[in-house]
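Chemist: Going by full-length UniProt numbering, the sequence shown opens with residue 1, and the numbers climb by one from there. Using N, Cα and C, we set each Cβ at its ideal position, and we do this for glycine too. What you are looking at is a predicted structure, and each value in this text was computed from that prediction instead of being measured. Take this structure first; my questions come after.
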Amino acid sequence: MQLTDVLEEFIFDCKLRRMSERTIKGYKNNNLRFITFIRNEYQVSELEKVHCKLIKAYLEQLSSLGRMPSYINGIIKSMRAFYRYCIDEEYLFNNPMDKVKFQKEPITLITTFNNNEVKKMVVYYSGSRYLSIRNKLIMITLFDTGIRNSELCNLLLTSIREEYIMIMGKGKKERVVPVSPILNKTLIKYKRVRAEYIKDKFAYQTEYLFLSQNGRKLTPEAVEKIVGDCAKACKVRKHIRSSPHTCRHYFAQAQLKNGCDLYTLSRLLGHSNINITKIYLQSLQDEDVLELGVKTSPLMNL
């Protein structure tokens, strides 16, 4: 069987399983690059001729090109999904990925906004017009819930409850995050202004919470710009990446500093594995860990 034909079938199966567009795109591109490599270097284009040595040769080439372990592990993850599908469909009986291990990734310390920067950023967008109030709510929601950019754009009016927000996360998994009084106050004001803004104007996609100036669903790129413009105006330190995901990093570290346990934080962030959440704990400064230890002292809390 031709690899490209099986890959096309696999991608169609992913769509049937309603995987996210981002996941499907990654699976397709990552496997296609490997298929192109073995066709050009080894004249292999059939599924049955793929073996472990070819895969390792490809991964070694990526390493020699300076690709980071995290990038290579993403490739491995995509290829594992593809060849697992081939096994399930009985196109193969031996999985060539079985002896391919993930690369060890260095522990990276996460740097994020500091408290002074956040205080400036959440009040930067001011005024009574729709776009100003929308942008302010976006900043507050990002910092106060740790929501992902794509999740923010997919929020519906019906996602908002009085005490919590229902978020549809990765893998179509739902989770809830609490609504603080600060967030709730801005939400109430925004929904009123939003209703006036779209009244008799737009008849499409109005079920989404955040809308563009033209009444359409807000895009992740637009949110990136909103955060970037805000950070630039507030003179955020240049080495800090000014993005919605950095807001998520701030939320996670702030929760830990305020005494939130790893399990609860993992639930709030929508992580599938608590080991992912541990990265935030490793990034805390020593003084933060000491302060947290005092707050949670068993005897002091008797």
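Do residue 42 and residue 54 have their CB atoms nearer than 8 angstroms?
Modeler: Along the sequence shown, read from residue 1 onward, the residue named residue 42 stands at position 42. Along the sequence shown, read from residue 1 onward, the residue named residue 54 stands at position 54. Yes, the Cβ-Cβ distance between residue 42 and residue 54 is below 8 angstroms.
Chemist: Could you give the C-beta distance for residue 46 and residue 2, rounded to a whole number, given that I count them as a contact under 8 angstroms?
Modeler: Position 46 of the sequence shown, counted from the first residue, corresponds to residue 46. Position 2 of the sequence shown, counted from the first residue, corresponds to residue 2. Indeed, because the Cβ distance is near 6 angstroms, the residues count as touching under 8 angstroms.
Chemist: Distance check for residue 246 and residue 302, CA to CA, integer angstroms please.
Modeler: Locating residue 302 in the sequence shown gives position 302, where the first residue counts as 1. Locating residue 246 in the sequence shown gives position 246, where the first residue counts as 1. Confidence at residue 302 is low in this model, with a pLDDT of 38, below 50, so the placement of that residue is unreliable and no value is reported for it.
Chemist: Could you check which residue in 89, 255 and 216 has the C-alpha nearest to that of residue 145?
Modeler: For the purposes of this step, residue 145 is identified with residue 145 of the sequence shown, where counting begins at 1. For the residues 89, 255 and 216, the minimum Cα distance to residue 145 belongs to 255.
Chemist: With burial defined as no fewer than 16 other Cβ atoms inside 10 Å of the residue's Cβ, what is the status of residue 18: buried or exposed?
Modeler: In the sequence shown, the residue the question calls residue 18 occupies position 18. Exposed, by the Cβ-count rule.
Chemist: Give the range of the beta strand (DSSP E) segment to which residue 174 is assigned.
Modeler: In the sequence shown, counting from the first residue as 1, residue 174 sits at position 174. Per DSSP, residue 174 belongs to the beta strand (DSSP E) from 174-178.
Chemist: Is DSSP giving residue 226 helix, strand or coil here?
Modeler: In the sequence shown, residue 226 corresponds to position 226, counting from 1. Residue 226: helix per DSSP, three-state reduction.
Chemist: Taking the beta strand (DSSP E) that residue 164 falls in, what are its first and last residues?
Modeler: Numbered from its first residue, the sequence shown carries residue 164 at position 164. Element bounds for residue 164: 164-168.
Chemist: Grouping DSSP H, G and I as helix and E and B as strand, with all else coil, what is residue 2?
Modeler: Position 2 of the sequence shown, counted from the first residue, corresponds to residue 2. Three-state DSSP puts residue 2 in a strand.
Chemist: Run through the DSSP bridge pairs and tell me what residue 46 is partnered with.
Modeler: Numbered from its first residue, the sequence shown carries residue 46 at position 46. The partner list for residue 46 (beta bridge, DSSP) reads 2.
Chemist: Which of the three DSSP states is assigned to residue 209 in this structure?
Modeler: Here the question's residue 209 lines up with position 209 in the sequence shown. Correct three-state label for residue 209: coil.
Chemist: Just to confirm the assignment: which complete alpha helix (DSSP H) runs, minimum length 4, are found wholly within the UniProt domain "Core-binding (CB)" (1-87)?
Modeler: 3-16, 21-42 and 52-64
Chemist: Find out if the Cβ-Cβ distance for the pair residue 172, residue 270 is shorter than 8 angstroms.
Modeler: Translated into the one-based positions of the sequence shown, residue 172 becomes position 172. Translated into the one-based positions of the sequence shown, residue 270 becomes position 270. It is not a contact, given that the beta carbons lie outside the stated cut-off.
Chemist: Is it buried or exposed, residue 16, if we count other Cβ atoms within 10 angstroms and call 16 or more buried?
Modeler: One-based indexing of the sequence shown puts residue 16 at position 16. Under this definition residue 16 is an exposed residue.
Chemist: Would DSSP call residue 133 helix, strand or coil?
Modeler: Along the sequence shown, read from residue 1 onward, the residue named residue 133 stands at position 133. Reduced to three states, the DSSP call for residue 133 is helix.
Chemist: Does the distance from the C-beta atom of residue 27 to that of residue 78 stay below 8 angstroms?
Modeler: In the sequence shown, residue 27 corresponds to position 27, counting from 1. In the sequence shown, residue 78 corresponds to position 78, counting from 1. The answer is yes: Cβ separation under 8 angstroms.
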